[in-house]
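In what follows, a structure is listed as structure tokens, so that the remarks can point back to it.
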Amino acid sequence: MNWPDFWQHVATYLELAAAALAGGIVAGIPLGILASHLNFARSPILLAANLGRVIPSLAVLTFMLPLFGVGLAPAVAALGLLAIPPIVINADLGFRAVPATAVDAARGLGMTNAQIFRQVEWPLAFPILFTGVRTAAIEVIASAVLAAFIGAGGLGEYITEGLQANIPRLLFLGAGTIAAIALAAEFGFGFAQRRLEVKT
Amino acid sequence: MWRRSLSISVSVGFDSVVARYPQADRNAVDGVSFEIPAGSFTVLLGPSGCGKSTLLRTVNRLVTPTSGTVTVGGRDIASIEPTALRRATGYVIQAVGLFAHMTVAQNIAVVPQLLHWDRERIEKRTDELLDLVGLDPQRYRLRFPRELSGGEQQRVGVARAIAAEPQVLLMDEPFGAVDAIARRSLQDEMLRIVRALQTTILFVTHDVEEALHLADRIAVMRDGKLLQYAAPEEMLRAPASPYIAQLFAVNDDLRRYDELRNALSRRA
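Top line first, the protein sequences correspond to chains D and E.
For what it's worth, the working numbering labels the leading residue of the first sequence as 1, then goes sequentially.
For what it's worth, the working numbering labels the leading residue of the second sequence as 201, then goes sequentially.
Spelled out as structure tokens, the structure:
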């Protein structure tokens, strides 16, 4: 067992997933806010998000190849695209769930639009929005295994190697570690959600 | 910047106010002119869709009149920055609109926070207000809105609206969603509270009984127009139109029925 190699793969895997999730958040939340606030933008954004949900991650990775070549960049781009739909959909849901009466009251009390957003809409939308981030994180972690297929490395390499050379031990090492990371993320996000979530 | 002066009430004037919503085929408010004297408890009364809520919402610029002017303390509010105007104007709505993620104390402190009061002053004021609306500060300060009954929520709604001592208080069917018994006690407390406040109050309702109970003046509206603006006694004695006479006559019958029933039940 080559430990430095193992930790290297774990680190690459986490970096991949974290970068993709960060990208998904940065792109997904504003899109979700747009969809929830502008009626004309809602259908196209949600349609795109739902389509994005249907396309298999491996297909997205393959499409990335001609655009970015092989390596880390296309893997991050593909996984990032994968992270966007659940975040967009939940951000839209979260902001739509904010009671119109709360916004009316906030405006009537003299809050500016920015204050209404920060002090009323965001905290009320946050629990649902965060659930989307959590879903995206799990999806990204589960799918980052595919990055090895386009030469981005990570724990997926154990699986590709294990399959090619028929070494079950390697397969289990890769799959088991990925499963452990996914579970840890699920619990970690669950814990963070309970901590961050403002009581409603 | 527009400054409000503490506890000196002001008049509210409407001059040929017309308000029409986009895509509507008629004016929601159709040329309303009258002057509400400082310190008055004026009830805007009329059936749903008569424009009373729209008229109310022109006073804090949640609705911008299509034409005409609204004045507060003699000043055209079109020249006042909307957020500054709203912070000096209390606003209570039927749905209450408490912020679910904030405690009772935080809800009440919204406007003082916006006005950058210091923390001590806010805390003192919050407790004072909870006392005023009949909720024990110790017990209620840290509760969340979902832990309150409908009546308690609306008390907090009222406390939040008057936290920064507004010159004008706007109330849009504030007791419409609470049950009849809680409603009556809220009305009575409302009267007690506003006597201490000296604020000019505009109160929207479609309930004639409620209007008679609370108002020192009633403005009856129908189809966007003001039919009569007068003290309740005057309106009962000299209704300006058959519609108004009928509005209060129906109510008279009901009152007579209630009295009769009470008398009978006392005898039984």
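Even glycine gets a Cβ: it sits at the ideal position worked out from N, Cα and C.
- Spanning the alpha carbons of D/GLY151 and D/ALA180 requires a straight line of approximately 23 Å.
- Of E/GLY334, E/GLN428, E/GLN294 and E/ALA363, the smallest CA-CA separation from E/GLU352 is found for E/GLY334.
- Cβ neighbours of D/TYR158 within its own chain (closer than 6 Å, five residues either side excluded): LEU170, LEU173 and GLY174.
- Between E/GLN354 and E/VAL296, the C-beta gap is smaller than 7 Å, which places the two residues in contact.
- Taking the beta carbon of D/ALA102 as reference, the chain E residues within 8 Å of it are GLY297, LEU298, PHE299 and ALA300, listed in sequence order.
- Less than 7 Å divides the Cβ of D/PRO86 from the Cβ of D/THR135.
- Among the CB atoms of chain E, one or more fall inside 7 Å of the CB of D/THR112.
- Per the Cβ contact rule, the segment 300 to 320 of chain E is not in contact with the segment 258 to 269 of chain E (fewer than 3 Cβ pairs under 8 Å).
- A Cβ of chain E is located within less than 7 Å of the beta carbon of D/LEU124.
- Contact check for E/ALA288 against E/PRO374 fails: the beta carbons are separated by 7 Å or more.
- With fewer than 16 neighbouring CB atoms inside 10 Å of its own CB, E/ASP416 falls in the exposed class.
- Look at E/TYR291 here: in three-state DSSP terms it is strand.
- Per DSSP, reduced to three states, the secondary structure at E/ASP276 is strand.
- Considering only D/HIS9, D/PRO4, D/ASP5 and D/ALA17, the residue with the shortest C-alpha distance to D/GLY153 is D/HIS9.
- The beta carbon of E/HIS413 lies closer than 7 Å to those of GLN387 in the same chain, with the five residues before and after it left out.
- Unbroken alpha helix (DSSP H) runs of no fewer than 4 residues, entirely contained in the segment 344 to 380 of chain E, are found at 350 to 362, following chain order.
- In the DSSP assignment, E/GLU235 falls outside any alpha helix (DSSP H) and lies within the beta strand (DSSP E) extending over 229 to 236.
- In this structure, the straight-line span from the alpha carbon of E/LYS324 to that of D/ILE116 is close to 25 Å.
- Proximity to E/GLN294 across E/ASP276, E/GLY350, E/MET435 and E/VAL368 peaks at E/GLY350, based on C-alpha coordinates.
- E/ARG461 is outside the set of residues whose beta carbon lies under 7 Å from a beta carbon in chain D.
- Residue environment: D/ILE167 is assigned as exposed (fewer than 16 neighbouring CB atoms within 10 Å of its CB, all protein chains considered).
- Spatial neighbours of E/ARG220 in its own chain (CB-CB distance under 7 Å, excluding positions within 5 residues in sequence) are listed in chain order as ASN227, ALA228 and THR266.
- Scanning its chain for C-beta atoms nearer than 6 Å, with the 5 sequence neighbours on each side dropped, one finds around E/MET371 the residues VAL292 and PHE403, in chain order.
- For E/ILE293, the C-beta contacts it makes with chain D under 8 Å involve THR101, ASP104, ALA105 and GLY108, in order along the chain.
- Close to E/VAL310, with beta-carbon spacing below 7 Å, are these residues of chain D in chain order: LEU109.
- Cβ neighbours of D/ILE178 within its own chain (closer than 6 Å, five residues either side excluded): VAL145 and LEU155.
- Around the C-beta of D/ASN90, 16 or more other C-beta atoms lie within 10 Å, and the residue is accordingly described as buried.
- When secondary structure is reduced to three states using DSSP, E/ASP215 falls in the strand class.
- In the DSSP secondary-structure assignment, E/ILE401 is bridged to E/PHE241 and E/LEU369.
- The bridge partners DSSP lists for E/ILE418 are E/VAL243 and E/ALA430.
- Under the DSSP definition of a beta bridge, E/LYS425 partners with E/ARG422.
- Inter-residue distance for E/ALA445 and E/ILE393 is about 31 Å (C-alpha atoms, whole angstroms).
- Boundaries of the alpha helix (DSSP H) around D/TYR158: 156 to 164.
- Under the 10 Å beta carbon count, E/SER279 is surrounded by fewer than 16 other beta carbons and is classified as exposed.
- Contact annotation, D/LEU129 with D/GLY94: C-beta distance approximately 4 Å; criterion of less than 8 Å satisfied.
- The beta-carbon of D/VAL120 is placed less than 7 Å from the nearest beta-carbon of chain E.
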